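To get this note's numbering, take the position in the sequence shown, counting from 1, and add 411.
Below is one structure, written out as structure tokens; comments come after it.
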Amino acid sequence: QAKITVTETWLRKHRHLYDGATRHPFIRSIRDGNIDISAFKTWLGQDYIFVRAFVPFVASVLTKAYKGSDDANGDVEVILGGIAALHDEISWFKKEAFKWGVQLSSIVPQKANQEYCRFLESLISPEVEYTVAAVAFWAIETIYQESFAHCLEDDSKTPPELKETCQRWGNESFGEYCNSLRNIVDRQLEKASDDVITKAEATLLRVLEHEVDFWNMSHGRT
Ligand code: HMH
Numbered sequence: 412q413a414k415i416t417v418t419e420t421w422l423r424k425h426r427h428l429y430d431g432a433t434r435h436p437f438i439r440s441i442r443d444g445n446i447d448i449s450a451f452k453t454w455l456g457q458d459y460i461f462v463r464a465f466v467p468f469v470a471s472v473l474t475k476a477y478k479g480s481d482d483a484n485g486d487v488e489v490i491l492g493g494i495a496a497l498h499d500e501i502s503w504f505k506k507e508a509f510k511w512g513v514q515l516s517s518i519v520p521q522k523a524n525q526e527y528c529r530f531l532e533s534l535i536s537p538e539v540e541y542t543v544a545a546v547a548f549w550a551i552e553t554i555y556q557e558s559f560a561h562c563l564e565d566d567s568k569t570p571p572e573l574k575e576t577c578q579r580w581g582n583e584s585f586g587e588y589c590n591s592l593r594n595i596v597d598r599q600l601e602k603a604s605d606d607v608i609t610k611a612e613a614t615l616l617r618v619l620e621h622e623v624d625f626w627n628m629s630h631g632r633t
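Structure, rendered in structure tokens:
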């Protein structure tokens with residue numbers, strides 16, 4: 412029988428907050444087909460700004476993986492794959508924004524987005540351990556994966572024009588990538604000190620809160 416991993420323990424313990432991030436009213440409204448398109452456009456523009464700030468954060472995780480682990484497990488390559496996917500994602504945002512008539516150059520980051528980006532910047536610091544940063548990275552990617560996969564389930568009524576967006580994060584290979592990140596994180600946590608484990612769990616909670624605030628912002632509920 413497989414051992415219960417640290418991430419498993421955390422997800423059970425924080426199930427309520429986790430579901431709040433992955434089953435948010437914004438996601439439910441996509442899934443139910445009653446999404447307000449102006450909310451979707453807000454999300455699109457704000458997420459483009461977020462993703463631009465996410466790139467240097469992920470690059471810092473890659474640096475920490477290179478320096479901090481012996482990397483017999485290929486962490487660097489998994490993270491590099493993530494960066495490559497982000498390159499593609501930025502092009503997709505530009506294309507999608509054009510399609511919806513969203514002017515990316517004139518988007519002003521809203522408060523929740525600014526705070527989330529500032530949080531990412533704080534994690535870039537070399538003082539933040541690889542394990543802690545990797546937990547944030549895993550959580551950020553996984554919340555989007557689970558949220559958008561939910562909109563693609565058989566009984567969902569996701570509008571056809573939003574399916575491609577949901578596919579972007581909800582597809583199976585993105586799911587496998589998230590699993591690889593989870594394995595990296597669990598392997599790191601297995602050998603981490605109590606202090607680092609405590610910090611990493613707190614970081615997970617902060618990510619969950621930021622994600623909820625981000626959806627709230629898109630939904631116009633702030
Ligand atoms: C706010 N969280 C947010 N935006 C994203 N694009 C992701 C996670 C996943 O990359």
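We put the beta carbon where it would ideally sit given N, CA and C, even for glycine.
All values derive from a computational prediction rather than experimental measurement.
(request) Indicate the three-state DSSP secondary structure (helix, strand or coil) for Asn360 in the structure shown. (result) Here the chain comprises residues numbered 412 to 633, so residue 360 is not present and cannot be evaluated.
(message) Give me the residue from Ala545, Ala432, Phe451 with the minimum Cα distance to Asn590.
(response) Residue mapping note: residue 590 aligns to position 179 of the sequence shown, counting from 1. When only C-alpha atoms are compared, the closest one is Ala545.
(message) Considering Cα atoms alone, identify which of Trp421, Gly431, Asn445, Ala495 is closest to Pro467.
(response) Along the sequence shown, one-based indexing puts residue 467 at 56. Of the candidates Trp421, Gly431, Asn445, Ala495, the one whose C-alpha sits nearest the C-alpha of Pro467 is Ala495.
(message) Taking the alpha carbon of Thr614 as the reference point, which residue from Lys414, Tyr541, Arg439 has its own alpha carbon closest?
(response) Against the sequence shown, residue 614 aligns to sequence position 203. Selected option, being the one with the closest Cα: Tyr541.
(message) Nearer than 7 angstroms: is that true of the beta carbon of Tyr555 relative to any heavy atom of the ligand HMH?
(response) Within the sequence shown, the letter at position 144 stands for residue 555. True, at least one ligand heavy atom lies under 7 angstroms from that Cβ.
(request) Using three-state DSSP, classify Leu563 as helix, strand or coil. (result) Sequence index remark: in the sequence shown, residue 563 carries index 152 (1-based). Correct three-state label for Leu563: coil.
(message) Please state the DSSP three-state secondary structure of Thr633.
(response) Here residue 633 refers to the residue found at position 222 of the sequence shown. Here Thr633 scores only 45 on pLDDT, less than 50, and its place in the model should not be relied on; the value that follows carries that caveat. In the structure shown, Thr633 sits in coil (DSSP, three-state: anything other than H, G, I, E or B).
(message) Please list the terminal residues of the continuous alpha helix (DSSP H) segment that includes Asp486.
(response) Mapped onto the sequence shown, residue 486 falls at position 75. Note, Asp486: alpha helix (DSSP H), 486-511.
(request) Could you tell me whether any non-hydrogen atom of the ligand MN is closer than 7 angstroms to the CB of Glu622? (result) The model on display carries the ligand HMH but not the ligand MN.
(request) Quick one: using the 10 Å Cβ neighbour count with 16 as the cut-off for buried, is Ile415 buried or exposed? (result) Translated into the one-based positions of the sequence shown, residue 415 becomes position 4. Counting Cβ neighbours within 10 Å, Ile415 comes out exposed, since fewer than 16 surround it.
(request) Please confirm whether any heavy atom of the ligand HMH lies closer than 7 angstroms to the CB of Asp605. (result) The residue given as residue 605 occupies position 194 in the sequence shown. Result no, Cβ not under 7 angstroms from the ligand HMH.
(message) How far does the alpha helix (DSSP H) with Thr433 in it extend, from its first residue to its last?
(response) One-based indexing of the sequence shown puts residue 433 at position 22. It spans 426-433 - the alpha helix (DSSP H) in which Thr433 sits, taken as one unbroken run.
(request) Output yes or no for whether 8 angstroms exceeds the beta carbon distance between Val623 and Gly456. (result) Your numbering for residue 623 matches position 212 in the sequence shown. Your numbering for residue 456 matches position 45 in the sequence shown. The answer is no: Cβ separation not under 8 angstroms.
(message) Can you check which of these residues, Asn524, Phe585, Gln521, Leu616, is closest to Arg423 by C-alpha distance?
(response) As a working note, residue 423 is residue 12 in the sequence shown. The residue with the shortest Cα to Cα distance from Arg423 is Leu616.
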